[in-house]
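Shown next, in structure tokens, is the structure this report addresses.
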Amino acid sequence: MTEITTRPGTGTRPKTERPRLHKVILINDDYTPRGFVVAVLKAEFRMTEDQAHRVMITAHRRGACVVAVYTKEVAETKATRASEAGRANGYPLLFTTEPED
Ligand code: TYC
Numbered sequence: 000m001t002e003i004t005t006r007p008g009t010g011t012r013p014k015t016e017r018p019r020l021h022k023v024i025l026i027n028d029d030y031t032p033r034g035f036v037v038a039v040l041k042a043e044f045r046m047t048e049d050q051a052h053r054v055m056i057t058a059h060r061r062g063a064c065v066v067a068v069y070t071k072e073v074a075e076t077k078a079t080r081a082s083e084a085g086r087a088n089g090y091p092l093l094f095t096t097e098p099e100d
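Counted from 1, the sequence shown has number 91 at position 92 by numbering that gives the first Met the number 0; the numbering is strictly sequential.
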């Protein structure tokens with residue numbers, strides 16, 4: 000059922016729901032070189048050297064780090080492309096996605 004929001008003087012309009020966003024998460028591993036992780040973050044997620052280094056080191060220390068949030072489709076495409084960049088170079092680099100609460 001479509002929800003209707005009423006505003007004084009403006010009649011009614013359908014309530015617009017924003018799409019749920021999905022997190023892209025970088026998972027730590029023992030093999031992928033730090034510099035390679037930083038390069039992938041810069042290329043696929045348009046981060047600066049500084050931002051990419053911070054995300055990489057957080058995943059390295061804590062096991063995982065949220066990279067960014069996007070709509071479901073964009074998050075899944077970016078996570079797949081970034082993971083494939085690792086695999087193409089023989090590394091187990093892994094990006095996953097999960098819905099934001
Ligand atoms: N732990 C890796 C190393 O010491 C670097 C690394 C950091 C790998 C973050 C993956 O998501 C990662 N070479």
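All residues carry an ideal CB built from backbone N, CA and C; glycine is no exception.
Backbone CA spacing between residue i and residue j [nearest angstrom]
{"i": "Tyr-89", "j": "Arg-80", "result": "Tyr is not the amino acid found at residue 89; the sequence shown has Gly there. Rounded to the nearest angstrom, the two C-alpha atoms are 14 Å apart."}
{"i": "Val-36", "j": "Val-54", "result": "9 Å"}
{"i": "Lys-22", "j": "Glu-72", "result": "11 Å"}
{"i": "Ile-56", "j": "Glu-43", "result": "17 Å"}
Minimum C-alpha distance to residue i - residue among the options
{"i": "Ala-67", "options": "Tyr-30, Arg-45, Arg-61", "result": "Arg-45"}
{"i": "Gly-62", "options": "Glu-99, Pro-98, Leu-92, His-21", "result": "Leu-92"}
{"i": "Glu-83", "options": "Glu-16, Thr-31, Ile-56", "result": "Thr-31"}
Endpoints, beta strand (DSSP E) assigned at residue i
{"i": "Thr-95", "result": "93 to 98"}
Other residues of its chain near residue i: CB distance less than 7 Å, five sequence neighbours each side excluded
{"i": "Glu-75", "result": "Thr-96"}
{"i": "Thr-1", "result": "Any reading at Thr-1 must be qualified, since the residue scores a pLDDT of 45, below 50, and its modelled position is unreliable; the value itself is stated next. Same-chain partners within the cutoff: Pro-13."}
{"i": "Ala-51", "result": "Val-37, Leu-40, Lys-41"}
Extent of the continuous alpha helix (DSSP H) run through residue i
{"i": "Thr-79", "result": "71 to 87"}
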